[in-house]
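Numbering (the working numbering), first residue to last: 130 to 441.
Even glycine gets a Cβ: it sits at the ideal position worked out from N, Cα and C.
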């Protein structure tokens with residue numbers, strides 16, 4: 130028996146001449162929270178749909194819960210939960226009726242389904258809203274219901290495809306609290322996202338770009354490996370001229386706008402705060418204020434995407 134819940138070996142999917150997923154290989158151990166990070170169109174959903182047996186790979190192989198995704202897809206599906214980007218809630222049913230319907234789809238008997246539905250409703254915080262119509266619920270509550278439906282049959286492995294897309298920041302935080310709770314209960318979670326800050330919450334993160342898995346490791350390890358320099362935040366009154374000056378400064382590998390300030394990565398120890406400020410003053414940005422910052426997964430993604438684009 131394999132020690133891995135998910136195993137991919139050069140998994141590839143082509144649609145005509147377009148390669149959506151290009152020789153992706155990785156493995157997932159039980160109980161992990163794996164983040165699959167990348168922009169829309171990078172191959173995240175296509176990978177997930179192949180692992181669920183919903184798409185046939187062009188070549189390569191994968192196993193989920195010990196089953197081959199091509200030969201044994203019918204055996205995989207009852208053992209996993211899947212929350213798609215646009216989950217098919219029944220608008221004219223209540224929360225409870227949606228849960229009861231999907232419990233029946235998964236073959237739960239009446240007694241087992243009642244007990245399990247009550248447990249899941251309590252977990253996702255919808256016990257007091259069980260009679261609410263799905264059509265009347267906010268985006269955050271609908272996402273909770275969609276998660277509950279994916280959990281109703283007690284899956285060992287949960288696939289979440291962009292689960293917080295379109296919900297407010299508060300609902301996103303609450304949703305991630307639920308994900309942590311599920312992981313603590315032993316569920317393995319594979320979650321795709323294009324939110325860089327969300328990926329920071331994962332045990333390991335795979336970064337996808339144009340169908341390729343550019344890297345996969347813990348957030349801290351990714352930063353240490355792909356950002357050998359330091360990160361800096363720069364305040365200035367006129368950000369665009371300051372950005373132009375920053376891009377012209379030797380020793381800067383990345384520079385861009387970050388909210389109401391600039392954010393930059395230096396090459397190794399090319400600068401400290403004083404030398405970077407002096408370089409900006411020399412280029413006409415007299416009011417620049419420089420402070421060392423924490424590197425982010427967005428910095429890692431920019432570095433890897435630039436490297437990936439250069440190879441093409």
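Asked: At least 3 beta-carbon pairs within less than 8 angstroms: the region 419-437 vs the region 381-391; Found: yes
Asked: Pair within 8 angstroms by beta-carbon distance, residue 288 and residue 209; Found: yes
Asked: Backbone secondary structure at residue 247 - three-state DSSP; Found: helix
Asked: Start-end ranges of the beta strand (DSSP E) lying completely within the region 197-242, minimum 3 residues; Found: 209-212
Asked: Given residue 151 as reference, the closest of 347, 258, 170, 403 once Cα atoms are compared; Found: 170
Asked: Test item: CB-CB of residue 424 and residue 356 under 8 angstroms; Found: yes
Asked: Given residue 284 as reference, the closest of 317, 331, 358 once Cα atoms are compared; Found: 317
Asked: Spatial distance of residue 258 from residue 379 (CA atoms); Found: 58 angstroms
Asked: Continuous beta strand (DSSP E) stretch holding residue 339: start and end; Found: It is not in any beta strand (DSSP E) - residue 339 carries neither H nor E in the DSSP assignment.
Asked: Cβ contact (3+ pairs, closer than 8 angstroms) linking the region 267-285 and the region 295-313; Found: yes
Asked: N- and C-terminal bounds of the alpha helix (DSSP H) containing residue 355; Found: 348-355
Asked: The region 340-349 contacting the region 360-373, beta-carbon criterion three pairs below 8 angstroms; Found: no
Asked: Reduced DSSP category for residue 324 - H, G, I as helix; E, B as strand; rest coil; Found: coil
Asked: For residue 268, the nearest candidate out of 220, 245, 197, 229 (CA to CA); Found: 220
Asked: Reduced DSSP category for residue 392 - H, G, I as helix; E, B as strand; rest coil; Found: strand
Asked: Per DSSP, the bridge partner or partners of residue 136; Found: 156, 192
Asked: Three-state class that DSSP yields for residue 109 in the structure shown; Found: As shown, the chain starts at 130 and ends at 441. That puts residue 109 outside it, with no answer to give.
Asked: Delimiting residues of the alpha helix (DSSP H) encompassing residue 526; Found: Nothing about residue 526 can be read from this structure; the chain reaches only from 130 to 441.
Asked: Alpha-carbon spacing of residue 231 relative to residue 253, whole angstroms; Found: 16 angstroms
Asked: Classification of residue 251 by the beta-carbon crowding that lies within 10 angstroms, buried from 16 upward; Found: exposed
Asked: Nearest-angstrom Cβ-Cβ length linking residue 181 and residue 205, presumed shorter than 8 angstroms; Found: 7 angstroms
Asked: Simplified DSSP assignment, three categories, for residue 314; Found: coil
Asked: Nearest residue (CA-CA) to residue 416, options 435, 370, 187, 401; Found: 370
Asked: Identity of the residue in 328, 302, 419, 242 nearest residue 168 by Cα; Found: 328
Asked: Cβ separation of residue 194 and residue 286, assumed to be a contact under 8 angstroms, to the nearest whole Å; Found: 6 angstroms
Asked: Top-ranked residue by Cα proximity to residue 271, from 244, 300, 243; Found: 300
Asked: Residue 393 vs residue 375 beta-carbon contact at 8 angstroms; Found: yes
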